[in-house]
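Worksheet for the structure shown next.
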Amino acid sequence: MSSSLNKSSQNISKRIERQFKITSDFEKRTILKDKITLFYLNTIVDKDQIQKYIIEPLQQSWETVNEDNPSIQQIKTVVNSASLKETQSVEEIQDALVKGNAFLLIKGEISGLLIPTTKWIERGLEETLGERAIRGPAVGFTENLTTNINIIRRIIQTPQLIIDTKPYGTHLKTDISIIYMKHLVDQSILQEVQHRISKIDVDYILASRIVEDAIEGKPKTFVNLVMTKERVDTTTSALLEGKVIVLVDGSPYSIIAPSLFVDFFQSPDDFHLKTGRFVNRFIRYFGFISSILIPGIYVGLEKFHSHTYSKKIQEDLFNHGELLPTFWEIIILLILFRILIDIGTRAPKGTVIIITLLATVVIGEMSVSAKLIHPASLVVTGLSIYLSTLVIYRGQTGIGLLRFLFFFTCYYFDLPSITFVSTIVLLYLVQLKSVGVPYLSPIIPFRCDEFQDIFVRGNLRKLQRKSHEFPNVE
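First residue of the sequence shown: 768, per my numbering; consecutive thereafter.
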């Protein structure tokens, strides 16, 4: 009878270890000369509580007792916990572990005890600096890897969530966690991400950009093939879509792979607000296209077509005695606005208003009054920069380079060059892949069943029941 009981307890132990064997925060500890085994996930439990209220009382109690094996009833009288649950269901044990419970298994018993030891990391609702939303969760990631995993596990409480953490770096080790849903992830994508990260060979990792570059692979491109997010709700949504998430210790951002062109036009507001579901993304696409084309169209019209307009329109819209030619007006303004954005995002908060006011006076009023810059050039450049902010903080998708590309071609080859350059850019984007997935999917290759969350936000209930698949994964 004792032999069969031992086999039963070993069975439970083996099944638990089999489920969590590739999860790096899973921990198994034996005490009382291997008579008792504790199982828990060390990122979401209070280890001090386990030591103080479980391990120490057991050790102190059995120092004065000469029994071979303690019983469950004896354990219940020793462990200092307000809530204890006896169970022999492996499924129940697994569900309890991912919710922060510890499982105590006694050698020779066919059941064990679930003990609440949860320690969720609480954080005040703070707006994420770069991804603010009108409505929805405002919790963002921190620089602590364990805390970030804790926050994710709090939202996704299932044993299917796998955390694979390993140290990287030759001289200074940095933990990198690859996170995915076991039953949802595309295995080809997972293997590709794991392979690319395993090839990282550096002395140390102090910036997540190293990991992003490794995941993007070669050859290098001007567009972002992975997306970084500081919002937890966006990250967990990506996990439930079957994507792979990478967290780097010391970085308050998650890295999402694969990340496709259409992903950069989505916003958390789309899934929390009733209004705008049919127009918001069209506005963002329009803003993206307009941002890269407006400066080029303006210089093309000024150089090749200004004579077709009346004298009044020429004076109002194009260069009319200003010191700088239109070509140089646009280039200088684009550089100045880029400097202003750079200063505004990095300057101390107390100086941002002063800097903005000073820039408005110098770039706007004084340059126009001194006839250095035509007012229309200022409006065109400002509108281009303004529209780019619709997508710039979700990953710039090459806005800066594309804007200058169309600007120079329109200036030298007139407006029809837009068609030629757009074709070249489109052909270039078509051959790009994000960890093996076509970058322009599901537009190219065309996949109609994925369009319910591309240009408009579809019905949320249908989206949540939908299983996502990625085409042509290499």
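We put the CB at the ideal spot given by N, CA and C, even for glycine.
Taking each of G1063, F1213, F1085 in turn and checking the Cα distance to Y1179, the smallest one comes out for G1063. When secondary structure is reduced to three states using DSSP, V990 falls in the coil class, being assigned neither helix nor strand.
Between the beta-carbon of V1188 and that of F1171 there is about 11 Å, and that puts the pair past the 8 Å contact cut.
Bounds of any alpha helix (DSSP H) do not take in T909, whose DSSP letter is neither H nor E.
Contact between V865 and L957 does not hold, since their C-beta atoms are separated by about 20 Å, which reaches or exceeds 8 Å.
In the displayed model, T995 falls within a strand according to three-state DSSP. Residue state for L872 is assigned as strand, using DSSP reduced to three classes. For L1100, the enclosing alpha helix (DSSP H) covers residues 1093-1113.
Runs of the beta strand (DSSP E) spanning 3 or more residues and lying entirely within the segment 1120-1172 do not occur at all.
E1008 has its alpha-carbon roughly 13 Å from the corresponding atom of I946. Uninterrupted alpha helix (DSSP H) stretches at least 4 residues long and entirely within the segment 812-849 occur at 814-817, 823-829, 839-845, given in chain order. Burial of H1141 is indicated by the presence of at least 16 other C-beta atoms within 10 angstroms of its C-beta.
If only uninterrupted beta strand (DSSP E) runs of at least 3 residues are considered, those enclosed by the segment 951-1035 are 994-996, 1011-1015, 1021-1024.
Within the model, the alpha-carbon separation for V857 versus F793 is close to 15 Å. Between E1089 and the set Y1052, M1133, S838, F1055, the nearest pair of CA atoms involves M1133.
When L1169, A900, I842 are compared, the shortest CA-CA separation from L872 is found for I842. Taken atom to atom, the span from the alpha-carbon of Q954 to that of H962 is near 12 Å.
S1058 and S1151 do touch by the CB rule: their CB atoms are close to 5 Å apart, below 8 Å. Cα atoms of A905 and S791: separation of roughly 28 Å, rounded to the nearest angstrom.
Between V960 and V1011, the gap from beta carbon to beta carbon is short of 8 Å. Rounded to whole angstroms, L1207 and L1145 show a C-alpha spacing of 33 Å. When C-beta atoms of the segment 775-787 are compared with those of the segment 843-853, fewer than three pairs fall below 8 Å, so the two segments do not count as touching.
Close CB contacts of I977 within its chain, under the 8 Å cut and outside five residues either way in sequence, are with I967, V969 (chain order). A Cβ-Cβ separation of about 6 Å places Q861 in contact with Q786 under the 8 Å criterion. Minimum Cα-Cα distance from F870 among the listed residues P837, I888, L805, I1185 corresponds to L805.
C-alpha of R902 to C-alpha of H1039: approximately 6 Å in a straight line. Contact between the segment 873-882 and the segment 795-804 is present: three or more C-beta pairs spanning the two stretches fall below 8 Å. Beta-bridge pairing by DSSP links T932 to S944. By the Cβ test, the segment 1021-1034 is in contact with the segment 1207-1217, since at least three Cβ pairs between them sit closer than 8 Å. In this chain, the alpha helix (DSSP H) harbouring Y1195 covers 1184-1197.
Between the alpha carbons of W829 and T1002 lies a gap of roughly 46 Å. In this structure, T941 places its C-beta atom within 8 Å of the C-beta atom of I972. A distance below 8 Å between beta-carbons, with the five flanking residues on each side excluded, links V846 to the following residues of its chain, in chain order: Y820, I821, P824, L825, L871, L880, I882.
Taking every protein chain shown into account, the CB of C1215 has fewer than 16 other CB atoms within 10 angstroms, so this residue is exposed.
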